[in-house]
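What follows is a single structure, written as structure tokens, with notes after it.
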Amino acid sequence: MRISKEDALDLFKNAPLPLLCQKANEEKEKRHGKNVFWVNNRQINYTNVCVLHCSFCSFSKIKKSDANAYDWNLQEITEKARDAVRGGARELHIVGGLHPDHPFEYYIEMLSSLRKDFPGVNLKAFTAVEICHFAKLSGRHVREVLADLKNAGLDALPGGGAELLSEEIRHRICGKKESGAEWLEVHREAHKMGIPTNATMLFGHIESIEDRLEHLELLRNLQDEAPGFFAFIPLVYHPEKNALGIRVKEKTSEEDILRTIAVSRLYLDNFPHIKAYWIQTGISTAMKALHAGASDLDGTIMEEKITHAAGAETAIGMSPERMRSLIREEGLVPVERDALYDVIQ
Ligand code: SF4
Numbered sequence: 001m002r003i004s005k006e007d008a009l010d011l012f013k014n015a016p017l018p019l020l021c022q023k024a025n026e027e028k029e030k031r032h033g034k035n036v037f038w039v040n041n042r043q044i045n046y047t048n049v050c051v052l053h054c055s056f057c058s059f060s061k062i063k064k065s066d067a068n069a070y071d072w073n074l075q076e077i078t079e080k081a082r083d084a085v086r087g088g089a090r091e092l093h094i095v096g097g098l099h100p101d102h103p104f105e106y107y108i109e110m111l112s113s114l115r116k117d118f119p120g121v122n123l124k125a126f127t128a129v130e131i132c133h134f135a136k137l138s139g140r141h142v143r144e145v146l147a148d149l150k151n152a153g154l155d156a157l158p159g160g161g162a163e164l165l166s167e168e169i170r171h172r173i174c175g176k177k178e179s180g181a182e183w184l185e186v187h188r189e190a191h192k193m194g195i196p197t198n199a200t201m202l203f204g205h206i207e208s209i210e211d212r213l214e215h216l217e218l219l220r221n222l223q224d225e226a227p228g229f230f231a232f233i234p235l236v237y238h239p240e241k242n243a244l245g246i247r248v249k250e251k252t253s254e255e256d257i258l259r260t261i262a263v264s265r266l267y268l269d270n271f272p273h274i275k276a277y278w279i280q281t282g283i284s285t286a287m288k289a290l291h292a293g294a295s296d297l298d299g300t301i302m303e304e305k306i307t308h309a310a311g312a313e314t315a316i317g318m319s320p321e322r323m324r325s326l327i328r329e330e331g332l333v334p335v336e337r338d339a340l341y342d343v344i345q
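Residue numbers (UniProt numbering): 1 to 345.
Below is the structure:
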């Protein structure tokens, strides 16, 4: 039977951690047995220049002239993709800042040329925030923007930009960003058009557990109404080199991460997967999360920039061999997938 938000809150606050993890693991095993999914992928964070200044973000640079600001051209992006495809990548995960100069056509060209050069690779590209930015740039409706991107080769949306959908917290940590309702609307439109997506949640900063559950409730409702989410991805806030870090000095605890993943598995009964994003949780906590409801480790990544700008201590990528052996060491079965969760034989 479906659990209520109140049940989830009670579990989060009062259930002993081993019992909570066990219940979530049972739910995970009902869906996927001992399987743990992963993808050979590459992140392409094509620019860090961004017109917004979200208080939790250590990645973005306000001015193109800032030291460490960068903006890869299409040739550089293609080279990085080629390198990844040579290494067996099945997914390109493409997200970046909201660059002040590039027109919408630039992003269409980016996808079209990657699609032409690498027809067998999934293009999982652009957060809902980038999609809204493209709509403003082009003066078109989100639906039309998504249709153009799909025609150019878009396979899926990665799910970033959700942060906290609770409007009060969202206003305090990224008031200039699209509202939570707008984020949901982009994903609703994408699902209706047959573009699958994921959903993230940035946690471990100034939000309450109630705020997290409100976020989960909005996601569960949308998945009921317009199904299309593959995975829920809790993202751990990292406090280095960003304005929010003045108030929140430390990354949240392992127990908080495991409770969040476990409760997400129990509450989001209509989501196929909960991800343990190892880049952010750290590998040791990600391995524990595989016994607490998580069924996906994300991927090999190759070059992660966003969380590392905020102090992540993990490597910026991982080999496929290490990914498989980490999963096997937990007594679980590694299953390689692509961005659409088709299994790679
Ligand atoms: S989180 Fe995204 S939108 Fe916000 S400042 Fe960073 S790059 Fe820009």
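C-beta: ideal position from N, C-alpha, C; glycine also.
In this text, all values refer to a predicted model and were calculated from it rather than measured experimentally.
Can you check DSSP and say which residues form a bridge with Ala-156?
-> Ala-156 pairs with Lys-124.
Mind checking Lys-251: buried by the 16 CB within 10 Å criterion, or exposed?
-> Buried, by the Cβ-count rule.
Where are the beta strand (DSSP E) runs, 3 residues long or more, that stay fully inside the region 69-128, in chain order?
-> Runs of the beta strand (DSSP E) inside the region 69-128: 91-94, 122-125.
Enumerate, from N- to C-terminal direction, the unbroken beta strand (DSSP E) stretches of 3 or more residues contained entirely within the region 254-306.
-> The region 254-306 contains, as complete beta strand (DSSP E) runs of 3+ residues, the segments 296-299 (chain order).
Would you please state the rounded distance, in angstroms, between the beta carbons of Ala-199 and Ile-233? I believe it to be under 8 Å.
-> That belief holds up - the Cβ atoms of Ala-199 and Ile-233 are roughly 7 Å apart, short of 8 Å.
Ignoring anything shorter than 4 residues or poking outside the region 12-75, list the alpha helix (DSSP H) runs there in chain order.
-> Within the region 12-75, the runs of alpha helix (DSSP H) at least 4 residues long that lie entirely inside it are, in chain order, 17-32.
Limits of the beta strand (DSSP E) - the one that Asn-198 falls within | Note, Asn-198: beta strand (DSSP E), 197-203.
Can Ala-276 and Ala-294 be called in contact, C-beta distance under 9 Å?
-> Here Ala-276 is near Ala-294, since their CB atoms are less than 9 Å apart.
Three-state class that DSSP yields for Ala-243 in the structure shown = The three-state secondary structure of Ala-243, taken from DSSP, is helix.
Where Lys-80 falls, given that 16 or more other Cβ within 10 Å makes a residue buried | Burial call: buried.
What's the C-alpha gap between Arg-247 and Ser-113?
-> Whole-angstrom Cα-Cα distance: 43 Å.
Three-way DSSP call (helix, strand, coil) for Ile-233 in this model = Ile-233 sits in a strand when the DSSP states are folded into three classes.
Is Phe-126 near the ligand SF4, in the sense that its beta carbon is under 8 Å from a heavy atom of that ligand?
-> False, no ligand heavy atom lies under 8 Å from that Cβ.
Count the other CB atoms within 10 Å of the CB of Ile-344; is the residue buried (16 or more) or exposed (fewer)?
-> Ile-344 comes out exposed.
N- and C-terminal bounds of the alpha helix (DSSP H) containing Val-186 = 180-192 is the span of the alpha helix (DSSP H), which, as asked, contains Val-186.
Test item, CB below 5 Å from any non-hydrogen atom of the ligand SF4 = Here the residues come out as Cys-50, Leu-52, Cys-54, Cys-57, Ser-60, Gly-97.
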